[in-house]
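Under UniProt numbering, the first residue of the sequence shown carries the number 1, and numbering increases by one thereafter.
We put the beta carbon where it would ideally sit given N, CA and C, even for glycine.
Notes to accompany the following structure.
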Amino acid sequence: MKTSLPSKQKGVAAIEFAVVFVIFFAVFYGMVSYSLPLLLLQSFNQAAAQGVRIGVGVDPSAQNYATLVQNTAVAAAQANLGWIPPAFKFDPNYVTSTYNGSVLTVQVSYPSVNLKGVLPFMVLPGIGTVPQLPVNLSAKSSLQF
């Protein structure tokens, strides 16, 4: 005995597939497009924190102590960001450090425009550009000692 769908139901599977595929694609695209900026941001946080940790280990009796602390902190942060591929156009000058005698601060500030060639940006009607990123992806870590 052969069962067939009523004539009114023949295109329902295609319509359901189209609706489910659009939702699935939107979720998948969102995960892919936001995962890279979040990975970079977490790496910047880790690098800034590591820079501060290494920077405070400088011998206080060293000559040019303030400059040495800043340079050591920046070098440590830059070393943690060495994994970033050249396509991301990461400039070591995006890592800065300040030391005012009691507080050491390391900051990483990366312009999100540099991701245009690496990350697929999509303009959706009514929503705008996806992913929507701030002008700079930045992380900052400080320690008072």
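Length of the line joining the Cα atoms of residue i and residue j
| i | j | result |
| --- | --- | --- |
| Y94 | F44 | 10 angstroms |
| Q107 | Y29 | 30 angstroms |
| Q132 | T72 | 34 angstroms |
| L68 | W83 | 25 angstroms |
| V58 | D91 | 25 angstroms |
| S33 | F24 | 14 angstroms |
| M122 | L41 | 21 angstroms |
| A49 | V22 | 41 angstroms |
| V96 | V74 | Before going on, a small fix: residue 96 reads as Thr here, not Val. For T96 and V74, the distance between alpha carbons rounds to 6 angstroms. |
| Q46 | V27 | 28 angstroms |
| V19 | P134 | 31 angstroms |
| S35 | S61 | 44 angstroms |
| Y99 | V56 | 10 angstroms |
| A66 | M31 | 43 angstroms |
Per-residue burial, residue i [other beta carbons within 10 Å of its own, 16 or more giving buried]
| i | result |
| --- | --- |
| I127 | exposed |
| I15 | exposed |
| V52 | buried |
| Q70 | buried |
| A79 | exposed |
| T105 | buried |
| S142 | exposed |
Identity of the residues DSSP links to residue i by a beta bridge
| i | result |
| --- | --- |
| T105 | T98 and S142 |
| V123 | T129 |
| Y110 | L137 |
Three-way DSSP call (helix, strand, coil) for residue i in this model
| i | result |
| --- | --- |
| N93 | helix |
| N71 | helix |
| N136 | strand |
| residue 209 | Residue 209 is absent from the model: the chain starts at 1 and stops at 145. |
Whole-Å CB distance - residue i paired with residue j, under 8 angstroms assumed
| i | j | result |
| --- | --- | --- |
| Q144 | V118 | Actually they do not touch by this definition, with Cβ atoms about 37 angstroms apart. |
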